[in-house]
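Here's the structure, in structure tokens; my notes come after.
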Ligand code: AMP
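In the numbering used here, the protein residues as written are 214 to 404.
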């Protein structure tokens, strides 16, 4: 099973992707985590992306796509995975299609959270790239570059929108229910 978690920054994609991956025995593939690890390790890639991440801009597609395509060849991804934070642009989505074929994703889960709530959540989680300016920029970048992916995947009837506000456990249950409701009827649902 291959899933994609989409949603604005601060919607809780990382937290929920981790929980759902554990429940379903899938690998959790987060390009943001991978980039943060490169920065922490001081690799060449880490040095290239550090300033970009702090500003809230996107890392160039070619670097991101190469890193992701390599990651999903690892053994732990053979039984399926959750993509968290990739793709974030149409170019990345097209590259993923070329890599997996157009039916490569089983479901796209969109976490819905209102914008006012997002800023508060990000300010309180205290990540290094969570300055007010960077948060505003990430929200702009999300609206401009990533939101169009919802329509891109909705055209395939694989999108399920989930209310991302409430208790963590309740949100996980909502996500599991739309995934397990699965393909074949009731697609592009809202829970
Ligand atoms: P995240 O942890 O998903 O919020 O990602 C943190 C930062 O890593 C983003 O603000 C981007 O600078 C970078 N990043 C993560 N995933 C991608 C991606 N798919 N494309 C471009 N940049 C990314």
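Just so you know, even glycine gets a beta-carbon here, dropped at the ideal spot from N, CA and C.
For the alpha helix (DSSP H) that residue i lies in, which residues bound it at each end?
i: residue 378; result: First-last for residue 378: undefined, no H or E at that position.
i: residue 310; result: 303–313
i: residue 365; result: 361–367
i: residue 277; result: 274–284
i: residue 333; result: 328–338
What is the DSSP secondary structure of residue i, counted as helix, strand or coil?
i: residue 343; result: coil
i: residue 291; result: coil
i: residue 240; result: strand
i: residue 399; result: Note that residue 399 has pLDDT 47, beneath the 50 cutoff, so the model's placement of it is unreliable and the number below is only indicative. Three-state result, residue 399: coil.
i: residue 219; result: strand
i: residue 270; result: coil
i: residue 370; result: coil
i: residue 389; result: helix
i: residue 224; result: coil
i: residue 259; result: helix
Can you tell me whether residue i is buried or exposed? The criterion is at least 16 other CB atoms within 10 Å of its CB, across all chains shown.
i: residue 247; result: buried
i: residue 220; result: buried
i: residue 314; result: exposed
i: residue 312; result: exposed
i: residue 226; result: buried
i: residue 230; result: buried
i: residue 374; result: buried
i: residue 236; result: exposed
i: residue 252; result: buried
i: residue 381; result: exposed
i: residue 343; result: buried
Within the same chain, show all residues whose beta-carbon is closer than 6 Å to that of residue i, passing over the 5 residues directly before and after it, in chain order.
i: residue 304; result: 274
i: residue 407; result: Because the chain in this structure spans residues 214 to 404, residue 407 falls outside the shown range and cannot be described.
i: residue 223; result: 331, 334, 335
i: residue 249; result: none
Ends of the beta strand (DSSP E) at residue i?
i: residue 324; result: 320–325
Tell me which same chain residues have a C-beta within less than 8 Å of the C-beta of residue i, skipping the five on either side of it?
i: residue 399; result: No answer about residue 399 holds up, because its pLDDT of 47 lies below 50 and its placement is not dependable.
i: residue 385; result: 229, 232, 233, 236
Please list, in chain order, all residues of the same chain as residue i whose beta carbon is under 7 Å from its beta carbon, the five residues on each side excluded.
i: residue 396; result: Bear in mind that a pLDDT of 48 at residue 396, under 50, signals an unreliable position, so the number given afterwards is only what the model happens to contain. Excluding positions up to five away in sequence, the list reads 319.
i: residue 300; result: 306, 309, 362
Opposite residue i in the DSSP bridges: which residues?
i: residue 352; result: Residue 352 is not bridged to any residue.
i: residue 254; result: None, per the DSSP bridge assignment.
i: residue 297; result: 218, 243
Does any residue of chain E have a CB that is nearer than 9 Å to the CB of residue i?
i: residue 219; result: Absent from the structure is chain E; it holds one protein chain and no more.
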